[in-house]
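Heads up, the thing below is written out as structure tokens.
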């Protein structure tokens, strides 16, 4: 784990190095940037990109607006970015779902030929969690319970054909499990579904549910990665169930429309790279 | 890396042609996974 002091040193070295590059791109500096986050406010990605936008504004003086455009498992917001003017002022933050899954599961209009990936920042598993009074306390107990009771329990998804549905389905199919999926618009809303007792299982990112794990109202029984997650060291991984090949990971990245000029993309790449290693992130 | 450390995520900075290649490969791999899971668009 990187210490705060080490993070600060990495950040300031990169900041110094990038000023020379940015001085040649001064014409871009005043252009405000809109980052479309294609999911409702309150989820882990939304929190992440809002911190990110503040860092960019403070360090580079570039106004940044985070715009939540949700629906279609993230595909509506990504389609908005794809259809925007390719001048580097409209970006989309996105995750695995609307980029690598939704084109196969939903009737959407864009393909990888319609956007340019600028930078990928992080990688993390999804988790399957329940309220603490749920009648299973380990991953094995959970899978046994679900298998013995087809369609009795429900799990949240972020819409049909999204990452949560795929992550859970890959695990469930392996063990011959069938349960009901309930679509929500994003992690922020889906955790409300769990906490309110409307669904039995949360399937989603760790940041959106972490505080409820820490306060003891939620327990997480499985991560959808081959290895255990640092934030949840007591939660079972897929390798321990013998199904490491069914790993489904959440990444976050920034995209611009195809046709964005290379010098503008290079400028964005530099400010994103420097901002990303800021100690707050 | 305060946010990433707090939430247990891994820093994974990828860009340029390597990122394009990585995402293209994932796009095609998950297309096969979706098909196998019966989640393909109708």
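Residue numbers (the numbering used here), protein chains in the order written: chain A, 44 to 324; chain B, 19 to 60.
For each residue, glycine too, the CB sits at the ideal point set by N, CA and C.
Computed from a prediction, not measured in an experiment: that's the story for all the values here.
Cα-Cα separation between residue i and residue j, rounded to whole angstroms
i: residue 205 of chain A; j: residue 80 of chain A; result: 15 Å
i: residue 59 of chain B; j: residue 150 of chain A; result: 7 Å
i: residue 88 of chain A; j: residue 78 of chain A; result: 12 Å
i: residue 44 of chain A; j: residue 273 of chain A; result: Caution applies to residue 44 of chain A, whose pLDDT of 47 falls short of 50 and renders its modelled position unreliable; the value that the coordinates give is listed next. Cα to Cα, the separation comes out at about 10 Å.
i: residue 29 of chain B; j: residue 263 of chain A; result: 22 Å
i: residue 118 of chain A; j: residue 145 of chain A; result: 7 Å
i: residue 185 of chain A; j: residue 105 of chain A; result: 48 Å
i: residue 178 of chain A; j: residue 142 of chain A; result: 36 Å
i: residue 270 of chain A; j: residue 171 of chain A; result: 14 Å
i: residue 108 of chain A; j: residue 76 of chain A; result: 6 Å
i: residue 312 of chain A; j: residue 180 of chain A; result: 44 Å
i: residue 307 of chain A; j: residue 250 of chain A; result: 32 Å
i: residue 298 of chain A; j: residue 114 of chain A; result: 18 Å
i: residue 235 of chain A; j: residue 94 of chain A; result: 23 Å
i: residue 265 of chain A; j: residue 252 of chain A; result: 13 Å
i: residue 133 of chain A; j: residue 92 of chain A; result: 14 Å
i: residue 240 of chain A; j: residue 309 of chain A; result: 47 Å
i: residue 136 of chain A; j: residue 237 of chain A; result: 26 Å
i: residue 102 of chain A; j: residue 281 of chain A; result: 40 Å
i: residue 164 of chain A; j: residue 320 of chain A; result: 10 Å
i: residue 90 of chain A; j: residue 323 of chain A; result: 12 Å
i: residue 167 of chain A; j: residue 287 of chain A; result: 15 Å
i: residue 39 of chain B; j: residue 289 of chain A; result: 21 Å
i: residue 228 of chain A; j: residue 201 of chain A; result: 5 Å
i: residue 284 of chain A; j: residue 314 of chain A; result: 41 Å
i: residue 120 of chain A; j: residue 86 of chain A; result: 15 Å
i: residue 254 of chain A; j: residue 46 of chain B; result: 35 Å
Residue i at chain B interface by Cβ criterion, 9 Å
i: residue 167 of chain A; result: yes
i: residue 221 of chain A; result: no
i: residue 77 of chain A; result: no
i: residue 133 of chain A; result: no
i: residue 273 of chain A; result: yes
i: residue 213 of chain A; result: yes
i: residue 261 of chain A; result: no
i: residue 3 of chain A; result: Summary: the structure shown does not reach residue 3 of chain A, with chain A confined to residues 44 through 324, and so no result is reported for it.
i: residue 161 of chain A; result: yes
i: residue 155 of chain A; result: yes
i: residue 255 of chain A; result: no
i: residue 320 of chain A; result: yes
i: residue 188 of chain A; result: no
i: residue 216 of chain A; result: yes
Closest residue to residue i among the options (Cα-Cα distance)
i: residue 303 of chain A; options: A:154, A:125 and A:274; result: A:125
i: residue 112 of chain A; options: A:84, A:93, A:91 and A:106; result: A:84
i: residue 54 of chain B; options: A:173, A:217 and A:180; result: A:217
i: residue 294 of chain A; options: A:317, A:207 and A:187; result: A:207
i: residue 210 of chain A; options: A:309, A:137 and A:267; result: A:267
i: residue 193 of chain A; options: A:282, A:202, A:212 and A:221; result: A:221
i: residue 44 of chain B; options: A:305, A:147 and A:173; result: A:147
i: residue 33 of chain B; options: A:320, A:296, A:321 and A:323; result: A:296
i: residue 52 of chain B; options: A:286, A:203 and A:182; result: A:203
i: residue 223 of chain A; options: A:231, A:230 and A:212; result: A:212
i: residue 242 of chain A; options: A:163, A:166 and A:173; result: A:173
i: residue 276 of chain A; options: A:289, A:256 and A:288; result: A:256
i: residue 278 of chain A; options: A:322, A:182 and A:320; result: A:182
i: residue 35 of chain B; options: A:159, A:96 and A:120; result: A:159
i: residue 305 of chain A; options: A:201, A:167, A:129 and A:153; result: A:129
Beta-carbon proximity check, residue i vs residue j, cutoff 9 Å
i: residue 74 of chain A; j: residue 116 of chain A; result: no
i: residue 41 of chain B; j: residue 155 of chain A; result: yes
i: residue 169 of chain A; j: residue 258 of chain A; result: no
i: residue 225 of chain A; j: residue 197 of chain A; result: yes
i: residue 157 of chain A; j: residue 301 of chain A; result: yes
i: residue 318 of chain A; j: residue 99 of chain A; result: yes
i: residue 31 of chain B; j: residue 316 of chain A; result: yes
i: residue 139 of chain A; j: residue 260 of chain A; result: no
i: residue 244 of chain A; j: residue 214 of chain A; result: no
i: residue 246 of chain A; j: residue 37 of chain B; result: no
i: residue 195 of chain A; j: residue 219 of chain A; result: no
i: residue 127 of chain A; j: residue 231 of chain A; result: no
i: residue 96 of chain A; j: residue 122 of chain A; result: no
Minimum Cβ-Cβ distance from residue i to chain A less than 9 Å
i: residue 33 of chain B; result: yes
i: residue 57 of chain B; result: yes
Cβ-heavy atom distance, residue i to the ligand ATP, below 8 Å
i: residue 95 of chain A; result: No copy of the ligand ATP occurs in the structure displayed, which carries no ligand at all.
Could you run through the stretch 140–153 of chain A and flag, in chain order, every residue whose CB is less than 8 Å away from some CB of chain B? 142, 143, 144, 146, 147, 148, 149 and 150
Give me the subset of the stretch 197–208 of chain A whose CB atoms are less than 9 Å from a CB atom of chain B, sorted by chain position. 203, 204 and 208
Give the residues from the stretch 290–318 of chain A that approach chain B closer than 8 Å (Cβ to any Cβ), ordered along the chain. 294, 296, 312 and 316
What residues in the stretch 97–131 of chain A bring their beta carbon closer than 8 Å to a beta carbon of chain B? none
For the stretch 82–96 of chain A, enumerate the residues whose C-beta is nearer than 7 Å to any C-beta of chain B, in chain order. 87, 91 and 94
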